[in-house]
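Participant: Quick one: the structure is below, and I'll ask about it shortly.
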Ligand code: SF4
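Structure follows, in structure tokens:
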């Protein structure tokens with residue numbers, strides 16, 4: 122079994138791979154081993170060469186479970202999971218593909234590496250701006266923590282900053298390759314625990330990544346078990362963001378420490394913590410294999426509640442029937458649909474983005490096709506700098522069309538529960554593309570938000586360093 126892989130351009134950093142002790146034999150392929158993926162011999166040679174070049178720029182890693190169980194190799198280009206894990210040449214814009222191809226053919230590795238870095242830095246790697254939300258505590262940045270909304274802190278364990286396979290759309294792509302953006306993560310929970318101890322207003326801790334479920338159970342327990350102490354009674358909800366349920370379901374079923382993982386969840390749950398598994402599911406096809414059903418069932422029996430989320434993505438799930446089926450299947454399996462996100466303005470967003478208008482109509486059509494208990498996903502939602510903005514609908518008033526928007530989460534509590542209007546647009550992809558209705562220059566929160574970002578002072582409980590989008 123392969124246990125490590127290296128990014129061809131980020132060759133100095135080994136990519137840690139989970140699975141050394143898996144009962145199920147899993148093989149991993151990163152970009153330097155792309156040509157070892159057995160199924161790729163079926164591809165058109167020109168497409169394969171384009172994928173090779175795109176995989177120099179975008180993170181690429183896939184495991185044999187995904188290759189063998191989730192992709193229809195008779196029609197890979199039309200397959201949503203193929204698009205989900207294999208970078209496509211169309212993800213590169215303008216002349217980038219041709220220039221990269223020319224340089225690649227010269228065999229000049231350092232020129233290729235420089236071009237790859239140039240392209241990556243041109244794709245807005247700062248968009249999610251993870252540094253934005255790092256809290257300052259006792260004069261220091263809290264390593265590996267983000268705190269944007271009052272009740273919720275995020276923790277990025279260093280060992281969880283990779284995934285069982287990478288998604289081509291991922292807004293955290295700069296975490297997985299070399300760019301000018303600093304990596305995020307901490308390998309010690311002491312500072313995070315000090316911060317939580319001093320902030321009784323935080324009720325939710327979200328363990329995120331990458332995918333925290335690449336960590337061994339022992340490592341995960343070291344981060345989570347201290348929360349059982351009475352000094353952390355205010356941490357009522359432990360959320361774990363993961364795609365392992367569909368990228369590596371054996372993590373919860375047959376991996377050597379799967380039983381220990383379920384026992385850890387049961388221990389936390391029995392102690393009164395709400396364990397929320399935030400499952401990334403982009404297409405109902407991911408839910409079909411039997412090991413996924415076993416993984417979900419075991420997590421539920423251990424006391425976890427599973428919620429699901431995904432961005433809406435061209436080439437993958439920009440179809441109302443995909444969403445309605447996905448929500449129905451999730452509810453049947455015991456998962457609660459939670460979010461339909463908008464793709465963020467980073468990486469290959471031109472390739473995946475649907476635009477707000479189309480996303481709204483897909484959401485509405487999908488929602489109309491399911492029963493009440495399947496209508497629990499909020500969408501479309503933008504995780505923007507000022508907060509999570511929900512596109513509630515379209516309104517025609519005085520002969521003009523408008524989007525109805527509202528904050529689900531906000532940097533200031535006063536911004537919540539205050540629906541506002543923006544001019545309807547067929548082309549807008551993001552909050553920044555929208556104009557307030559009624560001829561105003563600014564939305565009601567814009568002035569405050571500008572002041573906050575200029576002053577570097579964030580939402581009520583903590584200090585931020587600059588403005589931007591975030592978790
Ligand atoms: S599993 Fe999640 S964090 Fe990892 S690449 Fe996919 S979307 Fe990004």
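Residue numbers (my numbering): 122 to 592.
In this text, a Cβ means the ideal position worked out from N, Cα and C, and glycines have one as well.
Is there contact between the region 351-365 and the region 324-337, where contact requires at least three CB pairs shorter than 8 angstroms?
Facilitator: The region 351-365, when compared against the region 324-337, does touch it at the 8 angstroms Cβ threshold.
Participant: Just to check, is the beta-carbon of residue 149 closer than 7 angstroms to a non-hydrogen atom of the ligand SF4?
Facilitator: The sequence position of residue 149 within the chain shown is 28, counting from 1. No, since every heavy atom of the ligand SF4 falls outside the 7 angstroms radius drawn around the Cβ of residue 149.
Participant: Is it buried or exposed for residue 130, if we count other Cβ within 10 angstroms and need 16 for buried?
Facilitator: Locating residue 130 in the chain shown gives position 9, counting from the first residue. With a pLDDT of only 40 at residue 130, under the threshold of 50, the placement of this residue in the model should not be trusted; the figure read from the coordinates follows. Result: buried.
Participant: Less than 6 angstroms between C-beta atoms, sequence neighbours within five positions excluded: which residues of the same chain meet that for residue 142?
Facilitator: Taking the first residue of the chain shown as position 1, residue 142 is located at position 21. Any reading at residue 142 is ruled out, since the residue's pLDDT is 45, under 50, leaving its predicted position unreliable.
Participant: Using the Cα positions of residue 491 and residue 366, report the straight-line distance between them to the nearest angstrom.
Facilitator: Looking up residue 491 in the chain shown gives position 370. Looking up residue 366 in the chain shown gives position 245. The straight-line gap from Cα to Cα measures roughly 24 angstroms.
Participant: Residues around the ligand SF4, please: the condition is that the C-beta lies closer than 6 angstroms to some non-hydrogen atom of it.
Facilitator: 284, 287, 288, 291, 293, 330, 331, 332, 364, 401
Participant: If I measure Cβ to Cβ from residue 394 and keep anything under 6 angstroms in the same chain, skipping five residues before and after, which residues do I get?
Facilitator: Here residue 394 refers to the residue found at position 273 when the chain shown is read from its first residue. Contacts found: 359.
Participant: Going by beta-carbon coordinates alone, are residue 509 and residue 485 separated by less than 8 angstroms?
Facilitator: Counted from its first residue, the chain shown places residue 509 at position 388. Counted from its first residue, the chain shown places residue 485 at position 364. Cβ distance not < 8 angstroms, so residue 509 and residue 485 don't count as in contact.
Participant: Report the CB separation of residue 336 from residue 281 in whole angstroms; it is logged as a contact under 8 angstroms.
Facilitator: Reading the chain shown from its first residue, position 215 is the one you call residue 336. Reading the chain shown from its first residue, position 160 is the one you call residue 281. Indeed they touch by this definition, with Cβ atoms about 5 angstroms apart.
Participant: Using DSSP with H/G/I as helix, E/B as strand and the rest coil, what is residue 243?
Facilitator: Here residue 243 refers to the residue found at position 122 when the chain shown is read from its first residue. Here residue 243 sits in helix by DSSP.
Participant: From what residue to what residue does the alpha helix (DSSP H) around residue 593 run?
Facilitator: Beyond the ends of the chain as shown, which are 122 and 592, falls residue 593; an answer cannot be given.
Participant: Quick test of your reading: residue 503 and residue 551, contact by CB under 8 angstroms. State the CB separation rounded to the nearest angstrom.
Facilitator: For the purposes of this step, residue 503 is taken as residue 382 along the chain shown, with counting starting at 1. For the purposes of this step, residue 551 is taken as residue 430 along the chain shown, with counting starting at 1. Confirmed, about 6 angstroms.
Participant: Span of the beta strand (DSSP E) holding residue 178?
Facilitator: The residue given as residue 178 occupies position 57 in the chain shown. Per DSSP, residue 178 belongs to no beta strand (DSSP E); it is in the alpha helix (DSSP H), 166-178.
Participant: Tell me which residues share the same chain as residue 446 and place their Cβ nearer than 7 angstroms to its Cβ, disregarding the 5 neighbours each side in the sequence.
Facilitator: Taking the chain shown and counting its residues from 1, one reaches residue 446 at position 325. Same-chain partners within the cutoff: 405.
Participant: I'd like the list of long-range same chain contacts for residue 412, defined as Cβ closer than 7 angstroms, with 5 residues on each side in sequence excluded.
Facilitator: Sequence index remark: in the chain shown, residue 412 carries index 291 (1-based). Correct list, in chain order: 370, 371, 374.
Participant: Consider the Cβ of residue 264: report whether some Cβ of chain C lies at a distance smaller than 8 angstroms.
Facilitator: Included in the structure is just one protein chain, with no chain C present.
Participant: Assuming residue 401 is part of the beta strand (DSSP E), what are its boundary residues?
Facilitator: For this step, residue 401 is matched to residue 280 along the chain shown. Its beta strand (DSSP E) spans residues 395-401.
Participant: Classify residue 358 as helix, strand or coil using the three-state DSSP reduction.
Facilitator: Here residue 358 is taken as the residue at index 237 of the chain shown, counted from 1. Three-state DSSP puts residue 358 in a strand.
Participant: Since residue 297 is in the alpha helix (DSSP H), which residue starts that stretch and which ends it?
Facilitator: Position 176 of the chain shown, counted from the first residue, corresponds to residue 297. Where residue 297 is concerned, there is no enclosing alpha helix (DSSP H), given that its DSSP letter is neither H nor E.
Participant: Tell me whether residue 501 sits in a helix, a strand or coil according to DSSP, three-state version.
Facilitator: The count along the chain shown starts at 1 and reaches residue 501 at position 380. DSSP places residue 501 in strand when its eight states are reduced to three.
Participant: In angstroms with no decimal places, state the Cα-to-Cα distance between residue 243 and residue 489.
Facilitator: Along the chain shown, read from residue 1 onward, the residue named residue 243 stands at position 122. Along the chain shown, read from residue 1 onward, the residue named residue 489 stands at position 368. Residue 243 and residue 489 have their alpha carbons spaced roughly 40 angstroms apart.
Participant: If distances are taken between C-alpha atoms only, which option among 170, 168, 217, 153 comes closest to residue 183?
Facilitator: Here residue 183 corresponds to residue number 62 of the chain shown, with the count starting at 1. The candidate whose alpha carbon is nearest that of residue 183 is 153.
Participant: Considering only residues of the same chain and omitting the five flanking positions on each side of residue 514, which have a CB-CB separation below 6 angstroms?
Facilitator: Taking the chain shown and counting its residues from 1, one reaches residue 514 at position 393. So the qualifying residues of the chain are 525.
Participant: Which ranges would you report for the alpha helix (DSSP H) in the region 188-263 if only whole runs of at least 4 residues count?
Facilitator: 201-206, 217-227, 230-243
Participant: To the nearest angstrom, report how far apart residue 246 and residue 165 are at their CA atoms.
Facilitator: Along the chain shown, read from residue 1 onward, the residue named residue 246 stands at position 125. Along the chain shown, read from residue 1 onward, the residue named residue 165 stands at position 44. Distance between the alpha carbons of residue 246 and residue 165 is about 31 angstroms.
Participant: Pull up the distance between the alpha-carbon of residue 595 and that of residue 500, whole angstroms please.
Facilitator: Residue 595 lies beyond the range of the chain shown here (122 to 592); nothing can be said about it.
Participant: CB-CB under 7 angstroms to residue 417, same chain, minus the five flanking residues each way: which ones, in chain order?
Facilitator: As a working mapping, residue 417 is identified with position 296 in the chain shown. Closer than 7 angstroms at Cβ, skipping near neighbours: 366, 427, 454, 455, 456.
Participant: What do you reckon, are the CB atoms on residue 174 and residue 161 nearer than 8 angstroms?
Facilitator: By one-based count along the chain shown, residue 174 stands at place 53. By one-based count along the chain shown, residue 161 stands at place 40. For residue 174 and residue 161, no; Cβs fall outside 8 angstroms.
Participant: Going by DSSP in three states, residue 416 sits in which element: helix, strand or coil?
Facilitator: What you label residue 416 is simply residue 295 of the chain shown in a count that begins at 1. If DSSP states are grouped into helix, strand and coil, residue 416 belongs with the helices.
Participant: Distance, Cα to Cα, residue 318 vs residue 469?
Facilitator: Looking up residue 318 in the chain shown gives position 197. Looking up residue 469 in the chain shown gives position 348. Roughly 39 angstroms between the two C-alpha positions.
Participant: Relative to the C-alpha of residue 331, which residue among 194, 277, 557 is closest?
Facilitator: Locating residue 331 in the chain shown gives position 210, counting from the first residue. Per the Cα distances, 277.
Participant: In the DSSP output, what is residue 557 paired with across the bridge?
Facilitator: Residue mapping note: residue 557 aligns to position 436 of the chain shown, counting from 1. Partner(s): 543.
Participant: Identify every run of the beta strand (DSSP E) within the region 421-475, keeping only runs that are complete inside it and at least 3 residues long; order them along the chain.
Facilitator: The region 421-475 contains these whole beta strand (DSSP E) runs: 426-432, 456-462.
Participant: Does the distance from the CB of residue 569 to the CB of residue 534 come in under 8 angstroms?
Facilitator: In the chain shown, counting from the first residue as 1, residue 569 sits at position 448. In the chain shown, counting from the first residue as 1, residue 534 sits at position 413. No.
Participant: Under a three-way DSSP split, which group does residue 517 fall into?
Facilitator: Against the chain shown, residue 517 aligns to sequence position 396. Strand at residue 517.
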